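Notes to accompany the following structure.
Number of protein chains: 2
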Amino acid sequence: MNMPQLYGGIEAGGTKFICVVARGPGHIVEEIRFSTTTPEETLGKAVQFFRPFVSSGQVSAIGVGAFGPLDLNPESSTYGFIASTPKPHWSNTDVDGTLQRGLNVPIAIDTDVNAAGLGESVWGASNGFDPSLYLTIGTGIGGGYIKDGKPLLGLLTPEMGHIRIPHNRELDPFNGSCPFHGDCFEGLASGPAIEKRLGLTGADVPEKDAFWDIEADYIASALMNYILVLSPKKIILGGGVMQRQFLFAKIRRRVHELLNGYVSDKNVLENIEDYIVPPGLGNQSGSLGAIALAMQIDATNKDRQG
Amino acid sequence: MNMPQLYGGIEAGGTKFICVVARGPGHIVEEIRFSTTTPEETLGKAVQFFRPFVSSGQVSAIGVGAFGPLDLNPESSTYGFIASTPKPHWSNTDVDGTLQRGLNVPIAIDTDVNAAGLGESVWGASNGFDPSLYLTIGTGIGGGYIKDGKPLLGLLTPEMGHIRIPHNRELDPFNGSCPFHGDCFEGLASGPAIEKRLGLTGADVPEKDAFWDIEADYIASALMNYILVLSPKKIILGGGVMQRQFLFAKIRRRVHELLNGYVSDKNVLENIEDYIVPPGLGNQSGSLGAIALAMQIDATNKDRQG
Numbered sequence: 008m009n010m011p012q013l014y015g016g017i018e019a020g021g022t023k024f025i026c027v028v029a030r031g032p033g034h035i036v037e038e039i040r041f042s043t044t045t046p047e048e049t050l051g052k053a054v055q056f057f058r059p060f061v062s063s064g065q066v067s068a069i070g071v072g073a074f075g076p077l078d079l080n081p082e083s084s085t086y087g088f089i090a091s092t093p094k095p096h097w098s099n100t101d102v103d104g105t106l107q108r109g110l111n112v113p114i115a116i117d118t119d120v121n122a123a124g125l126g127e128s129v130w131g132a133s134n135g136f137d138p139s140l141y142l143t144i145g146t147g148i149g150g151g152y153i154k155d156g157k158p159l160l161g162l163l164t165p166e167m168g169h170i171r172i173p174h175n176r177e178l179d180p181f182n183g184s185c186p187f188h189g190d191c192f193e194g195l196a197s198g199p200a201i202e203k204r205l206g207l208t209g210a211d212v213p214e215k216d217a218f219w220d221i222e223a224d225y226i227a228s229a230l231m232n233y234i235l236v237l238s239p240k241k242i243i244l245g246g247g248v249m250q251r252q253f254l255f256a257k258i259r260r261r262v263h264e265l266l267n268g269y270v271s272d273k274n275v276l277e278n279i280e281d282y283i284v285p286p287g288l289g290n291q292s293g294s295l296g297a298i299a300l301a302m303q304i305d306a307t308n309k310d311r312q313g
Numbered sequence: 008m009n010m011p012q013l014y015g016g017i018e019a020g021g022t023k024f025i026c027v028v029a030r031g032p033g034h035i036v037e038e039i040r041f042s043t044t045t046p047e048e049t050l051g052k053a054v055q056f057f058r059p060f061v062s063s064g065q066v067s068a069i070g071v072g073a074f075g076p077l078d079l080n081p082e083s084s085t086y087g088f089i090a091s092t093p094k095p096h097w098s099n100t101d102v103d104g105t106l107q108r109g110l111n112v113p114i115a116i117d118t119d120v121n122a123a124g125l126g127e128s129v130w131g132a133s134n135g136f137d138p139s140l141y142l143t144i145g146t147g148i149g150g151g152y153i154k155d156g157k158p159l160l161g162l163l164t165p166e167m168g169h170i171r172i173p174h175n176r177e178l179d180p181f182n183g184s185c186p187f188h189g190d191c192f193e194g195l196a197s198g199p200a201i202e203k204r205l206g207l208t209g210a211d212v213p214e215k216d217a218f219w220d221i222e223a224d225y226i227a228s229a230l231m232n233y234i235l236v237l238s239p240k241k242i243i244l245g246g247g248v249m250q251r252q253f254l255f256a257k258i259r260r261r262v263h264e265l266l267n268g269y270v271s272d273k274n275v276l277e278n279i280e281d282y283i284v285p286p287g288l289g290n291q292s293g294s295l296g297a298i299a300l301a302m303q304i305d306a307t308n309k310d311r312q313g
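Here the protein sequences line up with chains R and G, keeping their order. Each number in our numbering corresponds to the 1-based position in the first sequence with 7 added. Each number in our numbering corresponds to the 1-based position in the second sequence with 7 added.
Following this line, the structure appears as structure tokens:
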């Protein structure tokens, strides 16, 4: 009897790890969640979780969407490492190699947002729309751009959350919370920026607070830049801040105003509700995206073997 | 006797057309330049110029880098048209079809900046660096992003010159010159923006004028955004404004300051003189880029024919 082919996926967050064995959104066979402690303990638990599936031959590749900064330069001797990070114990951790040695299957590693973007493009809201952009607005701000079915990789992992946008100092004298750039997009609009400015978390700021128009303006400015530079066919907004659903309408309206008719495509101008949308996979974009990474590396390896 | 294979290239500008028959930078066989008048006359001259080379079988494909807005959606019924443009006579001009019917060879059409970026990546300053970004800062501001050897194409032609960047209203109260967005990047930093603000063309503003630090700040802000979003391995700055060579040092210094160590790649941090550079092909990026487009479509067609 043939057992169905399955894949392993790890959403490796700075707070918690989610490991799944699956072959798609409706086919999650097993899932485990645990806190991110030391690399030894955390990666050890992951190896332990996957080992039986690997031993039985059901899982032949594992994908990882990891917090960063990640070294994804294929020519680097520290490829697949988490580089220097303020998170205790995790600087210079060889995530790729540790899993590889522990399980002896191909590991595909990418950033958490690239994995989530890929998951959305394979099974979620951006399925059938290429290129697409997945943006998370939460503790940090990061984006995953999927083009020709793959996350964009250039000189370095794109860090599009840190772009410079106009800062409305008149209405919003807050200096920004980014330790590197002060009032970059993340420094103005992330969850910690909201909390530092207002003394309340984004979840607690009342819907009628005038601040939300400023927040929507910052997000819309950044989206305008991504649209003009990357020309995505779908934009997905996820993350903690975007749990406030009323933000979507404010952001769409402001993007429309800012573009001011410049972009002639009717998807942007007339159907903006279908253009800027929440994740189709809810909070599973990341873990299912890791499954999609595993499927891609498995297919590539099988192609090579003829 | 075999005649060497040649290609046709058209740099189709709003002011002038440059047509070349060539197979690379050292091998330009013939070149003609003429003013852009009506589509009939201008495209007619181009057809006339290329006809003998096509008839003799020496030229079997022609590339075009054109002013815009261009419709490059392959599913559109007006693919290869110049769409609605303020330039008299040129709105809704079927550039692709007119050349195709006049010469009966495959035509590859793209934006002027995408062609220039491609030319630079094949023979110029970004050769061997993929992805790369070519930015022109002149009458307008536009960018061509080359990834995997091809210009990026998404929902629409990217219009990265119109991104939103911080506007230093204190030192620079000018409202911006963009009819769509006021103080977007192009509205603040293009040639016309300089002239409207100072009453002098960029060529005439003295090098010691404090304005150049503001200009460099705007350009550096935009470059920072492109770096964080697109992660190019080389950035080329061309166009009229960049003829003021001293701007390069100011821009590089300011990009370095703005990134503030965030990007850990040593190419950016330590060798920024080799990262942000002038075009390697001088003023031939566009026409040679059109030749590169022709070579690409020719190779694709030959592949298809087996």
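Note that the Cβ used here is the ideal one computed from N, Cα and C, for glycine as well. Predicted, not measured: the structure shown is a model, and the values here were computed from it.
The beta carbon of Gly135/R does not come within 8 Å of any beta carbon belonging to chain G, so the residue lies off that interface. A distance below 8 Å separates the beta carbons of Asp119/G and Gly72/G. Put simply, the backbone Cα of Ile304/G is about 10 Å away from that of Ile298/G. With a cutoff of 8 Å on beta-carbon distance, Gly15/R and Ile69/R are scored as near each other.
For Tyr14/R, no CB of chain G lies under 8 Å from its own CB, so it is not counted at the interface with that chain. Taking 8 Å as the CB threshold, Met231/R lines the interface with chain G. For Pro173/R, the closest Cβ of chain G is nearer than 8 Å.
In terms of beta-carbon proximity, Ile170/G lines the interface with chain R, with at least one pair separated by less than 8 Å. Residues Thr45, Pro46 of the same chain have their beta carbon placed closer than 7 Å to that of His96/G, with the five preceding and five following residues left out of the count. The continuous stretches of beta strand (DSSP E) do not include Lys94/G, and DSSP gives it neither H nor E. Fully enclosed alpha helix (DSSP H) runs of no fewer than 4 residues occupy 192-196 of the stretch 147-199 of chain G, in order along the chain. For the stretch 176-200 of chain R, the beta-carbon criterion of a distance under 7 Å to any beta-carbon of chain G is satisfied by Phe187, His188. Your pair Gly296/G and Ala123/G checks out as a contact, with CB atoms roughly 5 Å apart and the cut at 8 Å. Separation of Asn274/R and Asp281/R (C-alpha to C-alpha, rounded to the nearest whole angstrom) is 8 Å. For Ala301/G, the closest of Ile116/G, Ala19/G, Phe24/G, Ser91/G by C-alpha to C-alpha distance is Ile116/G.
Looking only at Met167/G, Gly194/G, Lys23/G, the smallest Cα-Cα distance to Pro180/G is reached by Gly194/G.
Bounds of any alpha helix (DSSP H) do not take in Asp117/R; it lies within the beta strand (DSSP E) bounded by 114-118.
Residues are counted here when their Cβ sits less than 8 Å from a Cβ of chain R; for the stretch 269-287 of chain G these are Tyr269, Val270, Ser271, Asp272, Asn274, Val275, given in chain order. The C-alpha of Ser292/G is placed about 11 Å away from the C-alpha of Leu142/G. The C-beta distance from Leu125/R to His169/G rounds to 29 Å, too long to meet the 8 Å contact threshold. Taking the CA atoms as reference points, Lys203/G sits about 12 Å from Thr146/G.
For Thr143/G, the enclosing beta strand (DSSP E) begins and ends at 139-144.
Going by beta carbons, Leu237/G and Leu140/G fall inside the 8 Å limit.
Minimum Cα-Cα distance from Asn121/G among the listed residues Asn134/G, Phe74/G, Gly135/G, Glu82/G corresponds to Phe74/G. Approximately 19 Å separates the beta-carbon atoms of Ala132/R and Ile35/R; this is outside 8 Å, ruling out the contact. Counting only residues of its own chain and dropping the five nearest sequence neighbours on each side, Ile172/R has a CB closer than 8 Å to the CB of Cys191, Phe192, Leu195, Tyr225, Ser228, Ala229, Asn232. Contact between Ile25/G and Glu37/G is absent: CB atoms are separated by about 12 Å, not below the 8 Å threshold. Ser98/G and Val112/G have their alpha carbons spaced roughly 24 Å apart. With its beta carbon at least 8 Å from every one in chain R, Leu50/G lies outside the interface.
Cβ neighbours of Thr105/G within its own chain (closer than 6 Å, five residues either side excluded): Leu50.
For the stretch 211-240 of chain G, the set of residues with a beta-carbon nearer than 7 Å to any beta-carbon of chain R comprises Ser228, Met231, Asn232, Tyr233, Leu235, Val236, Leu237, Ser238, Pro239, Lys240, in chain order.
Interface flag for Met167/R against chain G is set, since a Cβ pair is found closer than 8 Å. For Asp103/R, the number of other beta carbons within 10 angstroms of its own is at least 16, and it is reported as buried. According to DSSP, Val61/R shares a beta bridge with no other residue. Just so you know, the alpha carbons of Tyr152/G and Asp78/G end up roughly 17 Å apart.
Under a 10 Å Cβ-count criterion, Glu277/R is classified as exposed, with fewer than 16 other Cβ atoms of the shown protein chains found around its own Cβ.
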